[in-house]
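In what follows, a structure is listed as structure tokens, so that the remarks can point back to it.
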Amino acid sequence: MWRLGFLPDKARLYDFAKFAPQDYLTDLQHAYTSPLNGPYAELLNNKPIFHAVFGATLPVPAAIACSFGGDMIWKFQAQLAATGEPYIVTAAVEQHPVMASFFSETVNTVRVLMMREPGGDAFVAGAVLRLGTSSSGGVDNFSKGGLSFSIDTVTGKIGQGRRKTGAIFESHPDTGAPVSGCCIPHWTAVLDCCHAAMAQQPGLQYVGWDVVVARDGPVLIEGNNKSDVNLIQAHRPLLADARVRAFYERHGLLRHVPTRSL
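At the far end of the sequence shown sits residue 294, using the working numbering, and the numbering has no gaps.
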């Protein structure tokens, strides 16, 4: 797999029987996505800045406390401040009952991958629903054992689910709750929120937005500068979309394209 640019786990996660390796963004190519936003990456990587900037016009969780270099604003949980690591504490967001019905032990989020075209307009390259599990440690992260369910970006309808091991699901493995065939609540508002975030900061070229769907609508949790793509490509290869391929080509990421079959 590595001779084609993929880590070994992609052999069971990606559908190489149906799609050519050239249709997938490889792990090697993904490694070079970090610089795409240039200095604007700080807006995403620095959480206090993220909340200050995007919170001015968009729904984000209310900041309760944050630290800079170990110095706390609003003394709160001193043991965290003692680590010396910068962090931010936000108010809890109660997810929509539909989202909680799938698995209530985690806050389940929607990941929306967006890219900017030369004219300045941003488009949705893909979206998935991330669900936590009993083995994901209280988070919905795909890399920690969470699930990724595909989303039809036009309708918000949820498709098939995958685990990083390659396992396939139609319902949640712990709760038995049906997931595939359901629809993301407030889907149009979720997309509008992500488009508004891109419009607010035209310097951002490539962002994986994480959105919590609350009862009253979407809440923007964070933007990922180097968004993982495996949770999206578990369902379909990104480079099979001409607009997505053109984006990566413009930014020089496809210079090392697999040329051999598996």
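Backbone N, C-alpha and C define an ideal beta-carbon position, used for all residues, glycine too.
- By the neighbour-count definition (other C-beta atoms within 10 Å, threshold 16), R194 is a buried residue.
- E74: member of the alpha helix (DSSP H) spanning 74-77, first to last residue.
- Separation of G87 and Y64 (C-alpha to C-alpha, rounded to the nearest whole angstrom) is 29 Å.
- The closest CA to that of E254, considering only R44, D59, S66, P91, is found on P91.
- The C-alpha of A154 lies about 31 Å from the C-alpha of E202.
- Distances from the CA of G70 to each of G235, R162, G178, A209 were compared; the closest alpha carbon is that of G235.
- Annotated as proximal: N257 and N77, with beta-carbon spacing under 7 Å.
- Secondary structure remark: continuous beta strand (DSSP E) runs of at least 3 residues inside the region 180-261, in chain order: 190-194, 238-246, 249-256.
- Between the alpha carbons of Y238 and T207 lies a distance of about 34 Å.
- Spatial neighbours of T58 in its own chain (CB-CB distance under 6 Å, excluding positions within 5 residues in sequence) are listed in chain order as G37, F38.
- In the three-state scheme derived from DSSP, where H, G and I count as helix and E and B as strand, A272 is classed as helix.
- In the three-state reduction of the DSSP assignment, M33 falls in the coil class, being assigned neither a helical nor a strand state.
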